[in-house]
Amino acid sequence: MANLEKIQMNESGLEFSRFIQGYWRMAEWNMSSQESLTFLKQHVELGITTVDHAHIYGSPSCEQLFGEALKLQPSIRDDIEIVSKCGIQLPCNESGAVAHYRSDAKSIIESVDLSLSRLGVDSIDALLIHRPDFLMDADEVAEAFKRLEGAGKVHNFGVSNFSASQFSLLQSRLDKPLITNQIEINPINMQSLDDGLLDYLSENRVIPMAWSCLGGGRILTETSETMEKVRATLAVVAHEVGAESIDQLIFAWVLALPSKPLPIIGSGKIDRVASAVRSSEIALNREQWYRIWTAFKGHAVP
Ligand SMILES: NC(=O)c1ccc[n+]([C@@H]2O[C@H](COP(=O)([O-])OP(=O)(O)OC[C@H]3O[C@@H](n4cnc5c(N)ncnc54)[C@H](OP(=O)(O)O)[C@@H]3O)[C@@H](O)[C@H]2O)c1
Numbered sequence: 000m001a002n003l004e005k006i007q008m009n010e011s012g013l014e015f016s017r018f019i020q021g022y023w024r025m026a027e028w029n030m031s032s033q034e035s036l037t038f039l040k041q042h043v044e045l046g047i048t049t050v051d052h053a054h055i056y057g058s059p060s061c062e063q064l065f066g067e068a069l070k071l072q073p074s075i076r077d078d079i080e081i082v083s084k085c086g087i088q089l090p091c092n093e094s095g096a097v098a099h100y101r102s103d104a105k106s107i108i109e110s111v112d113l114s115l116s117r118l119g120v121d122s123i124d125a126l127l128i129h130r131p132d133f134l135m136d137a138d139e140v141a142e143a144f145k146r147l148e149g150a151g152k153v154h155n156f157g158v159s160n161f162s163a164s165q166f167s168l169l170q171s172r173l174d175k176p177l178i179t180n181q182i183e184i185n186p187i188n189m190q191s192l193d194d195g196l197l198d199y200l201s202e203n204r205v206i207p208m209a210w211s212c213l214g215g216g217r218i219l220t221e222t223s224e225t226m227e228k229v230r231a232t233l234a235v236v237a238h239e240v241g242a243e244s245i246d247q248l249i250f251a252w253v254l255a256l257p258s259k260p261l262p263i264i265g266s267g268k269i270d271r272v273a274s275a276v277r278s279s280e281i282a283l284n285r286e287q288w289y290r291i292w293t294a295f296k297g298h299a300v301p
């Protein structure tokens, strides 16, 4: 296994890999179970041992597809950390109901049971509440976490897309620290840099997980005049720092943040995954980092 850095996520010894493999798009990859297992083994070999799932990902279910790959070599479970998420309810088309959030204890526990059966595992390493629920009763969520931990089904808990105040509210009801807040971080969406969320997480020594570092691919593929200009700037900086590609440069830009976010890689192509991992060897100086900031913001720093 490659010597990729491991990051301690809490004082109980939970460690995640410096990069995480995202499985949201797995159903689009059209891999057989054997191909999925090969992909998993390849990224574990690169040092990416942490995988990111959610009970709503994919049709067919990505957790189910992943579980079928795991079944071919169950021992690989011991080499990885599985993160999953709960709380988004997508109704079937015919029902007329709208998508909504459910963070009541019954829904959280049922969602975990479904994830475990699809993945074919006894427990997951971390469960995240996928989105902040305006109707969330923090005491009830804490109770659900306690029951899941007591039953040995989930070992650690965190959140995703929470504001600082939502994070703080839930944390106030828990005995153990939330391990992460999984949020969008990329140069198209710098909200967490602007609204103080990253500062809040650093202050509380919480390591964020960063989703859609490439803006879901938009940074590479969007054909607007603005994005063409941004890509031209990125190409210049990439050349200066010896980056292999613009995507690798963007991962280096995220890694440079002092809150030390763990990028979740969304690609299903192992060459792109390997290239993302090598972004940790790229050092941007401050002027280069801000040149990328300026290109995306469309104006200079004040
Ligand atoms: N918590 C949340 O609310 C939330 C929300 C969204 C995502 N996530 C997590 O974050 C993970 C990553 O998100 P993401 O998939 O949006 O990540 P991303 O890295 O921003 O986007 C990945 C997409 O970009 C494409 N791509 C990568 N390199 C490219 C290139 N050089 N040229 C053209 N296209 C390229 C990939 O296609 P190929 O596969 O063809 O490379 C893939 O479709 C997800 O898997 C999920 O685990 C969490």
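If you're matching positions, the sequence shown starts at 0 in numbering that gives the first Met the number 0 and goes up one per residue. Heads up, the beta-carbon is just placed ideally off N, CA and C, and yes, glycines get one too.
- Cβ-Cβ separation between Trp-252 and Pro-186: approximately 6 Å, consistent with a contact (criterion under 8 Å).
- Between Ser-167 and Ile-128, the C-beta gap is not smaller than 9 Å, which leaves the two residues out of contact.
- At a cut-off of 8 Å, the beta-carbon of Asp-174 does not count as near ligand 1: no heavy atom of the ligand is closer than that.
- At a threshold of 8 Å, His-42 does not count as near ligand 1, since its beta carbon sits no closer than that to any of the ligand's heavy atoms.
- An exposed status is given to Cys-91, since fewer than 16 other beta-carbon atoms sit within 10 Å of its beta-carbon.
- A distance below 7 Å between beta-carbons, with the five flanking residues on each side excluded, links Asn-180 to the following residues of its chain, in chain order: Gly-157, Val-158, Ser-159, Phe-161, Phe-166, Leu-200, Val-205, Pro-207.
- For the alpha helix (DSSP H) assignment, the uninterrupted runs of no fewer than 4 residues enclosed by the region 133-164 are, from N- to C-terminal side, 137-149.
- For Gln-41, the enclosing alpha helix (DSSP H) starts and ends at 32-44.
- Separation of the CB atoms of Leu-261 and Arg-17 is rounded to 6 Å, and the pair is thereby assigned contact status at 8 Å.
- Here Ser-167 carries a helix assignment [DSSP, helix/strand/coil].
- Here Leu-196 really is in contact with Ala-163; their C-beta atoms are around 5 Å apart, less than 8 Å.
- Selection Leu-3, Met-8, Lys-70 evaluated against Ser-35 yields Lys-70 as nearest (Cα-Cα).
- Taking a contact as a CB-CB distance under 8 Å, the pair Ala-143 and Ala-96 does not count as one, their CB atoms being some 23 Å apart.
- Asp-194 sits in coil when the DSSP states are folded into three classes, being neither helix nor strand.
- Residue side-chain check: Leu-256 keeps its Cβ at 8 Å or more from all non-hydrogen atoms of ligand 1.
- Here the alpha carbon of Gln-33 sits roughly 6 Å from the alpha carbon of Ala-68.
- The beta-carbon distance between Ser-58 and Ala-26, rounded to whole angstroms, is 6 Å. This is short enough to meet the 8 Å contact definition.
- The DSSP-derived three-state label of Ser-58 is coil.
- Less than 9 Å separates the beta-carbon of Leu-192 from that of Leu-256.
- Beta-bridge annotation (DSSP): Pro-262 is paired with Ala-209.
- Spanning the alpha carbons of Met-30 and Glu-62 requires a straight line of approximately 14 Å.
- Inclusion of Lys-84 in the 8 Å shell around ligand 1 follows from its C-beta lying nearer than that to a non-hydrogen atom of the ligand.
- Taking 9 Å as the cut-off, the beta carbon of Ala-294 is found no closer than this to the beta carbon of Thr-220.
- The beta carbon of Trp-23 sits closer than 6 Å to the beta carbons of Tyr-56 from its chain, once the five residues preceding and following it are set aside; these are given in chain order.
- Note on Gln-72: under 16 other CB atoms within 10 angstroms of its CB, so exposed under the neighbour-count rule.
- The three-state secondary structure of His-238, taken from DSSP, is helix.
- Per DSSP, the beta bridge partners of Gln-20 are Val-50, Ile-264.
- As a beta-bridge residue in DSSP terms, His-99 pairs with Gln-88.
- Val-82 is bridged by DSSP to Asp-51, Ala-125.
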